[in-house]
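Residue numbers (this note's numbering): 1229 to 1348.
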Amino acid sequence: MNLDILKNINMLLFCMVVLIWASQHTVIYYLPYYAISLGMTRTEGAIFVSLIGISWVIAKLLSGVYSDVFHIRCDTVLVAAIGIATLAVVTFPYCTNFWSIIACTVIYSLSVGKRFRYIS
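In structure tokens:
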């Protein structure tokens, strides 16, 4: 088996980005269960998922404004969005009350919504 491609730094960076991108989707599925494990109600868990959907819509609109009005390059917004979403995912385990989870959820979903606008 030839593994010479793994010596290429660009390939390693690409693999790292794909791994981060794939792991960010777990937030959507496990956030309500995480809230319940912290002693919150199912309704509060549903609020988090609803916030993700609302923030995605806002993020798609904002990403268009960034690109069209402020002339920020799409790839710059995409890289920033992936970085912010990664930081939000890493921060989630340290959020233990309702409002801190809401803050992380909104930051996460705004950045993920921006990213999906450029991918699709």
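Each residue gets a CB set at the ideal place from its N, CA and C atoms; glycine is no exception.
Can you tell me the Cα-Cα spacing of Ala1331 and Ala1274, whole angstroms?
The residue you call residue 1331 lines up with position 103 of the sequence shown. The residue you call residue 1274 lines up with position 46 of the sequence shown. So the two alpha carbons sit approximately 15 Å from each other.
Between the CA atoms of Ile1264 and Trp1249 - distance to the nearest angstrom:
Taking the sequence shown and counting its residues from 1, the one referred to as residue 1249 is at position 21. Taking the sequence shown and counting its residues from 1, the one referred to as residue 1264 is at position 36. Rounded to the nearest angstrom, the two C-alpha atoms are 25 Å apart.
The alpha helix (DSSP H) enclosing Met1239, as first and last residue numbers:
Taking the first residue of the sequence shown as position 1, residue 1239 is located at position 11. Counting along the chain, the alpha helix (DSSP H) containing Met1239 begins and ends at Ile1237 to Gln1252.
Return the Cβ separation of Ala1308 and Val1340 in integer angstroms, given the expectation that the two are a contact with Cβ distance under 8 Å.
By one-based count along the sequence shown, residue 1308 stands at place 80. By one-based count along the sequence shown, residue 1340 stands at place 112. That belief does not hold up - the Cβ atoms of Ala1308 and Val1340 are roughly 12 Å apart, past 8 Å.
Taking the alpha carbon of Gly1292 as the reference point, which residue from Thr1269, Leu1338, Ala1316 and Pro1321 has its own alpha carbon closest?
Locating residue 1292 in the sequence shown gives position 64, where the first residue counts as 1. Answer by Cα proximity: Leu1338.
How would you label Leu1259, buried or exposed, when you count the other beta carbons within 10 angstroms and need 16 or more for buried?
By one-based count along the sequence shown, residue 1259 stands at place 31. Around the beta carbon of Leu1259, 16 or more other beta carbons sit within 10 angstroms, so the residue counts as buried.
Which two residues bound the contiguous alpha helix (DSSP H) that contains Leu1315?
As a working note, residue 1315 is residue 87 in the sequence shown. Counting along the chain, the alpha helix (DSSP H) containing Leu1315 begins and ends at Cys1302 to Thr1319.
Looking at Phe1320 and Val1255, is the spacing between their C-beta atoms short of 9 Å?
Along the sequence shown, read from residue 1 onward, the residue named residue 1255 stands at position 27. Along the sequence shown, read from residue 1 onward, the residue named residue 1320 stands at position 92. Annotated as proximal: Val1255 and Phe1320, with beta-carbon spacing under 9 Å.
Close Cβ partners of Ile1286 (< 8 Å) along its chain, the five nearest in sequence each way excluded
Walking along the sequence shown from the start, residue 1286 turns up at place 58. So the list reads Leu1338 and Gly1341, once near-sequence residues are dropped.
Could you compute how far the alpha carbon of Arg1345 sits from the alpha carbon of Ser1251?
Residue mapping note: residue 1345 aligns to position 117 of the sequence shown, counting from 1. Residue mapping note: residue 1251 aligns to position 23 of the sequence shown, counting from 1. Summary for Arg1345: the model assigns pLDDT 49, below 50, so the residue's position carries little reliability; its value from the coordinates is reported in the next sentence. Answer to the nearest angstrom: the Cα atoms are 18 Å apart.
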